[in-house]
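Engineer:
There are 2 protein chains.
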Amino acid sequence: MTSQRHSPRQGGAPIRQALELTDRQRTVLRAVVEDYVFTAVPVGSKALVGRYALGVSPATVRSAMAELEALGLLSHPHTSAGRVPSDLGYRLYVESLMREAELDQADRLMIRHQFSQVQLTNNEWLRLAASILAGSTRSAAVVTPARSRRAHFGHVQLVALDDGTRLVVLVLGDGNVVQRHLDRAALQRELPDSPFDQAELDHAAAALNSELGGFAAPQVRRRAARLPRLAAAVAGDIAALLEEADSVVVEDVFTDGIVNVLEQPEFAEGSRLRPVLEVLQRSDFLEQLVPVLTRSGGVHVIIGRENSNDAMHEVSLIFAPYGAPDRALGLLGVLGPTRMRYPRAIPTVRYLSTLMNELITSHYGETQ
Amino acid sequence: MTSQRHSPRQGGAPIRQALELTDRQRTVLRAVVEDYVFTAVPVGSKALVGRYALGVSPATVRSAMAELEALGLLSHPHTSAGRVPSDLGYRLYVESLMREAELDQADRLMIRHQFSQVQLTNNEWLRLAASILAGSTRSAAVVTPARSRRAHFGHVQLVALDDGTRLVVLVLGDGNVVQRHLDRAALQRELPDSPFDQAELDHAAAALNSELGGFAAPQVRRRAARLPRLAAAVAGDIAALLEEADSVVVEDVFTDGIVNVLEQPEFAEGSRLRPVLEVLQRSDFLEQLVPVLTRSGGVHVIIGRENSNDAMHEVSLIFAPYGAPDRALGLLGVLGPTRMRYPRAIPTVRYLSTLMNELITSHYGETQ
DNA sequence: CTTGGCACTCTCAACCCGAGAGTGCCAAAG
DNA sequence: CTTTGGCACTCTCGGGTTGAGAGTGCCAAG
């Protein structure tokens, strides 16, 4: 478990350096990171030997710290202040120093229990996942719904509503449901003699369902021409819906626990979080993560300036994909200050991602 | 326009007091409120005459301020600091001192234009509304989808998905769509000889659609018995879905612009916003507003401690309902420090509420 | 290589102090 | 009777100072 790698973003450099470190340096670095994560205060040599029983004197620790600083793993706010881990220091810690434990059985059971209480079909469970992540890691959590890479026609329903409008409700192959009102004025121009009553709609829906099953947008467009009257017209809307679904990778983002981050001393001054929140709002940020996460599954850790996005230079992300393989993909993870409890956050994200994988596939598969 | 009343929450008291105020007192109160809202700094007599050309000396203003303070309309952080409006002072200002203008034609056109760019059927337009509210008032905005008070059966579709599960997609009378997976194991126990293929599902759906149109949950339950086999079983799920829809008044809440509040000096220290965010997360808070808003339409202003909820003692809410009358109801509004630009926020909320009313009804009614 | 000693640096909290803004009161003026 | 200028008083806030404390780097001895 301890040897797991968390997708270093900058080639193999940090690992090579890790191998060059002496045991003492490794021990000191680990102690510095853990102390700083805990106290949020730059840590000095004396305090360190006091709290961690390193078996050496402060002077020795000092020289080790100086070496670590030369390697770029620690940094100095100013002379005569303690040391603070750099992004690279955290990276090394995460990669090879951290003692990572799986979640307790108790935690796991509790989480599992909470999931058993909610319907899996609506979005309530995503909200729940975000809430659990946020609470358990005391960071901000982000969860996106699982979507398939390529939208396929599943089943369609055409409904005449009380209010006179006509609704297309399209079930995609992955079970997601999308909808759209028909532009009746346009239809009426095209098919002036149609009654557009429920009977006719049912008829058209039947035709669509028998002809379009399993097709993606382009095929739907191609087949549309061969369909009769109303069905042909509606097929255009269906194709549009499919294309829309294809184009949006990340649609609804569920976040929770932003206050947790606000309470961290580094973000006590509320406006410091502004850029982060702004970026989080724009869903294209999460879309950038998609290729990274799908390339290799598992938990990814992005620390501070490793993130190409300027707004994220002060925070770390811990993300994982989830979903049924090759069918639907979602994202979940947490966001917090670089001074984050990685040994807690990483297993939590990992557990939730595997749990949600399991729920999704067992749910899909339960009757097969 | 200026004489509009914004639903005083505590009987007629403030209004009676308002009538007792002298012209001078009213002028001074207005100036204090407007200056404080603008500068966020307690305002003194000298500064006031300097900035507002009141035509009297600071001494006179001082005595007026002392009177206003005795009436509970202003308050004093400490001796020898300027005055700050109390909640009651803001209330009076909002009720009868404020010069409220409608939104410019330009703003209105821009907003309208933005709405013309998005599909009305998906939730994108609610997000847009929240974004416009937040941007235009520099406060946090909250928008909830319009839901009908009582859910009715509209049309149902039963789908066999690729993955072997069976999905119920129910279109409600108000056009909202809800969905649920069928518990196939249970069904199989009940109806061991059913194939549950798409053909059978279509058959059952047809029966349901012809029998249940327009009914609410209890009637659906009652009629379920008379339906054949599979349809009867599914009717139970449909009734459950309807009941679920009835029980949740406020489901998805779209918020935007929380950073705007974080940037106000009174909330610069991020954790001060914690209680507010926590309450906002819990949807039951918004549900409390529903009866108030429906009792009398229009814009409601709740200032600081007028709010019965402790967490909201430092903020003001400006809310309005929207929706098709007697059919669907949603909420929208803004939240900010009590030191809020009421003359801007109130018209904005009002305009957005009427605009969304209009969009919803014209959309519903366009083909009738 | 480790360690104790030592001189040095820098922050931080506490304190003081004066400037500035504001108040309340009062007596004189309108 | 209201308004106003004057005046004494209060309180905050920013700046400057200072001493304690923590931490560092270096060096020579163990």
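Sequences listed follow chains S and F, in order. Residue numbering for the first sequence follows the numbering used here, beginning at 816 and increasing consecutively. Residue numbering for the second sequence follows the numbering used here, beginning at 816 and increasing consecutively. For each residue, glycine too, the CB sits at the ideal point set by N, CA and C.
Of all the residues that make up the segment 1068–1089 of chain S, which are near chain F by a beta-carbon distance shorter than 8 Å?
Structural biologist: Those residues of the segment 1068–1089 of chain S that come within reach of chain F (Cβ to Cβ, closer than 8 Å) are D1071, I1073, V1074, L1077, E1078, F1082, A1083, E1084, G1085, S1086, L1088, R1089.
Engineer: Considering Cα atoms alone, identify which of F:F968, F:R1087, F:G897 is closest to V1035 of chain F.
Structural biologist: The residue you call residue 1035 of chain F lines up with position 220 of the second sequence. If we check each option's Cα against that of V1035 of chain F, F:F968 comes out closest.
Engineer: Are the beta-carbon atoms of G1138 of chain F and L1132 of chain F separated by less than 8 Å?
Structural biologist: Here the question's residue 1138 of chain F lines up with position 323 in the second sequence. Here the question's residue 1132 of chain F lines up with position 317 in the second sequence. It is not a contact, given that the beta carbons lie outside the stated cut-off.
Engineer: Suppose contacts are defined by Cβ-Cβ distances below 8 Å. Is F1069 of chain S in contact with V1076 of chain S by that definition?
Structural biologist: The residue given as residue 1069 of chain S occupies position 254 in the first sequence. The residue given as residue 1076 of chain S occupies position 261 in the first sequence. For F1069 of chain S and V1076 of chain S, no; Cβs fall outside 8 Å.
Engineer: Using a Cβ-Cβ distance cut-off of 8 Å, determine whether G969 of chain S contacts chain F.
Structural biologist: Taking the first sequence and counting its residues from 1, the one referred to as residue 969 of chain S is at position 154. Yes, G969 of chain S lies at the interface with chain F (some Cβ there is under 8 Å from its Cβ).
Engineer: Could you check the C-alpha separation between A846 of chain F and M1171 of chain F for me, to the nearest Å?
Structural biologist: The sequence position of residue 846 of chain F within the second sequence is 31, counting from 1. The sequence position of residue 1171 of chain F within the second sequence is 356, counting from 1. Whole-angstrom Cα-Cα distance: 34 Å.
Engineer: Would you mind sorting F853 of chain S into buried or exposed? The rule is 16 or more other CB atoms within 10 Å of its CB.
Structural biologist: On the first sequence, position 38 is the one that residue 853 of chain S refers to. Answer is exposed; the Cβ neighbour count stays below 16.
Engineer: Once the 5 residues before and after E882 of chain F are set aside, which same chain residues still bring their CB inside 7 Å of it?
Structural biologist: Counting from one through the second sequence, the residue named residue 882 of chain F turns up at place 67. Correct list, in chain order: Q840.
Engineer: How would you write the range of the beta strand (DSSP E) that Y1137 of chain S sits in, first residue to last?
Structural biologist: Looking up residue 1137 of chain S in the first sequence gives position 322. From DSSP, the beta strand (DSSP E) with Y1137 of chain S extends over 1130–1137.
Engineer: Note down, in chain order, every chain F residue with its Cβ under 8 Å from the Cβ of G1151 of chain S.
Structural biologist: Within the first sequence, numbered from 1, the residue matching residue 1151 of chain S stands at position 336. Under the 8 Å cutoff, chain F gives no residues; its nearest Cβ is about 14 Å from G1151 of chain S.
Engineer: Below 8 Å on the Cβ atoms is my guess for R1120 of chain S versus D850 of chain S; work out the distance and round it to an integer in Å.
Structural biologist: Reading the first sequence from its first residue, position 305 is the one you call residue 1120 of chain S. Reading the first sequence from its first residue, position 35 is the one you call residue 850 of chain S. Actually they are not in contact, since the Cβ atoms of R1120 of chain S and D850 of chain S sit about 22 Å apart, beyond 8 Å.
Engineer: Using only the alpha-carbon positions, how far apart do V1130 of chain F and T952 of chain F sit?
Structural biologist: One-based indexing of the second sequence puts residue 1130 of chain F at position 315. One-based indexing of the second sequence puts residue 952 of chain F at position 137. Their Cα atoms are separated by approximately 14 Å.
Engineer: Between G979 of chain S and V933 of chain F, what straight-line distance do the alpha-carbon atoms span, to the nearest angstrom?
Structural biologist: The count along the first sequence starts at 1 and reaches residue 979 of chain S at position 164. The count along the second sequence starts at 1 and reaches residue 933 of chain F at position 118. Between G979 of chain S and V933 of chain F, the C-alpha separation is close to 21 Å.
Engineer: Who are the Cβ neighbours of A1048 of chain S in its own chain at under 8 Å, not counting the five residues just before and after it?
Structural biologist: For the purposes of this step, residue 1048 of chain S is taken as residue 233 along the first sequence, with counting starting at 1. Result list for A1048 of chain S: L1002, E1005, L1006, in chain order.
Engineer: Grab me the residues of N1024 of chain S's own chain with a C-beta within less than 8 Å of its C-beta, minus the 5 sequence neighbours each way, in chain order.
Structural biologist: Start at 1 with the first residue of the first sequence, and residue 1024 of chain S comes out as number 209. Closer than 8 Å at Cβ, skipping near neighbours: H970, V971.
Engineer: Between the beta-carbon of A944 of chain S and the beta-carbon of L1095 of chain S, is there less than 8 Å?
Structural biologist: As a position in the first sequence, residue 944 of chain S is number 129, starting the count at 1. As a position in the first sequence, residue 1095 of chain S is number 280, starting the count at 1. No, these two residues do not count as a Cβ contact at 8 Å.
Engineer: Does the segment 892–910 of chain F come close enough to the segment 1107–1125 of chain F that 3 or more CB-CB pairs lie under 8 Å?
Structural biologist: The answer is yes - the segment 892–910 of chain F touches the segment 1107–1125 of chain F, with three or more Cβ pairs under 8 Å.
Engineer: Quick check: the Cα distance between A879 of chain F and E915 of chain F, rounded to an integer number of angstroms?
Structural biologist: Here residue 879 of chain F refers to the residue found at position 64 when the second sequence is read from its first residue. Here residue 915 of chain F refers to the residue found at position 100 when the second sequence is read from its first residue. Rounded to the nearest angstrom, the two C-alpha atoms are 24 Å apart.
Engineer: By the three-class DSSP mapping on this structure, what secondary structure does S768 of chain S have?
Structural biologist: Since the first residue shown for chain S is 816 and the last is 1183, residue 768 of chain S is missing from the structure and cannot be characterised.
Engineer: Taking V974 of chain S as the query, report the chain F residues whose CB atoms sit under 7 Å from its CB, ordered along the chain.
Structural biologist: Within the first sequence, numbered from 1, the residue matching residue 974 of chain S stands at position 159. Going along chain F in sequence order, the residues near V974 of chain S (Cβ under 7 Å) are G969, H970, V986.
Engineer: Going by C-alpha to C-alpha distance, which of F:N1122, F:G1151, F:P1090 sits closest to E1078 of chain F?
Structural biologist: In the second sequence, residue 1078 of chain F corresponds to position 263, counting from 1. Checked all of F:N1122, F:G1151, F:P1090; the closest Cα to E1078 of chain F is F:G1151.
Engineer: Taking only beta-carbon positions, decide if G990 of chain S is within less than 8 Å of chain F.
Structural biologist: Along the first sequence, read from residue 1 onward, the residue named residue 990 of chain S stands at position 175. Cβ-Cβ to chain F under 8 Å: yes for G990 of chain S.
Engineer: Here's the rule: buried if 16 or more other CB atoms are within 10 angstroms of the residue's CB, otherwise exposed. What is L1167 of chain S?
Structural biologist: For this step, residue 1167 of chain S is matched to residue 352 along the first sequence. Buried, by the Cβ-count rule.
Engineer: On the premise that L1016 of chain S lies in contact with V974 of chain S, defined as a C-beta separation below 8 Å, what is that separation, rounded to the nearest angstrom?
Structural biologist: Here residue 974 of chain S refers to the residue found at position 159 when the first sequence is read from its first residue. Here residue 1016 of chain S refers to the residue found at position 201 when the first sequence is read from its first residue. About 7 Å; that satisfies the 8 Å criterion.
Engineer: Pick helix, strand or coil for H970 of chain S, following the three-state DSSP scheme.
Structural biologist: Locating residue 970 of chain S in the first sequence gives position 155, counting from the first residue. Residue state, collapsed to three classes: strand.
Engineer: Could you give the first and the last residue of the continuous beta strand (DSSP E) run that contains A1039 of chain S?
Structural biologist: Along the first sequence, read from residue 1 onward, the residue named residue 1039 of chain S stands at position 224. Per DSSP, A1039 of chain S belongs to no beta strand (DSSP E); it is in the alpha helix (DSSP H), 1032–1039.
Engineer: Answer with buried or exposed for M1155 of chain F, where buried requires no fewer than 16 other C-beta atoms within 10 angstroms of its C-beta.
Structural biologist: On the second sequence, residue 1155 of chain F is found 340 positions in, with the first residue counted as 1. Its Cβ being crowded by 16 or more others within 10 Å, M1155 of chain F is buried.
Engineer: DSSP state of S931 of chain S, grouped into three classes?
Structural biologist: Mapped onto the first sequence, residue 931 of chain S falls at position 116. In the structure shown, S931 of chain S sits in a helix (DSSP, three-state: H, G or I).
Engineer: Determine contact between the segment 1083–1093 of chain F and the segment 1084–1101 of chain S, defined as no fewer than three beta-carbon pairs at a distance below 8 Å.
Structural biologist: Yes, they touch.
Engineer: With a floor of 3 residues, list each beta strand (DSSP E) that falls wholly inside the segment 1066–1114 of chain F, ordered by position along the chain.
Structural biologist: List check, beta strand (DSSP E) in window: 1069–1071.
Engineer: Taking P1007 of chain F as part of the alpha helix (DSSP H), name the residues at either end of that continuous run.
Structural biologist: Residue 1007 of chain F sits at position 192 when you count from the first residue of the second sequence. Segment: none, P1007 of chain F is in no alpha helix (DSSP H) and carries neither H nor E.
Engineer: What are the boundary residues of the alpha helix (DSSP H) that P873 of chain S is part of?
Structural biologist: Walking along the first sequence from the start, residue 873 of chain S turns up at place 58. Unbroken alpha helix (DSSP H) run through P873 of chain S: 873–885.
Engineer: Closest Cβ-Cβ distance between L869 of chain F and chain S: below 8 Å?
Structural biologist: Residue mapping note: residue 869 of chain F aligns to position 54 of the second sequence, counting from 1. By this cut-off, L869 of chain F is not an interface position.
Engineer: Given this structure, state the Cα-to-Cα distance separating L888 of chain S from G1112 of chain S, to the nearest angstrom.
Structural biologist: For the purposes of this step, residue 888 of chain S is taken as the residue at position 73 of the first sequence. For the purposes of this step, residue 1112 of chain S is taken as the residue at position 297 of the first sequence. Computed Cα separation, rounded: 28 Å.
Engineer: Is there a Cβ from chain S that is less than 8 Å from the Cβ of T959 of chain F?
Structural biologist: By one-based count along the second sequence, residue 959 of chain F stands at place 144. No, its Cβ sits nowhere closer than 8 Å to a Cβ of chain S.
Engineer: Would D1008 of chain F count as contacting chain S if we go by Cβ distances under 8 Å?
Structural biologist: The residue labelled residue 1008 of chain F in the question sits at position 193 within the second sequence. Cβ-Cβ to chain S under 8 Å: no for D1008 of chain F.
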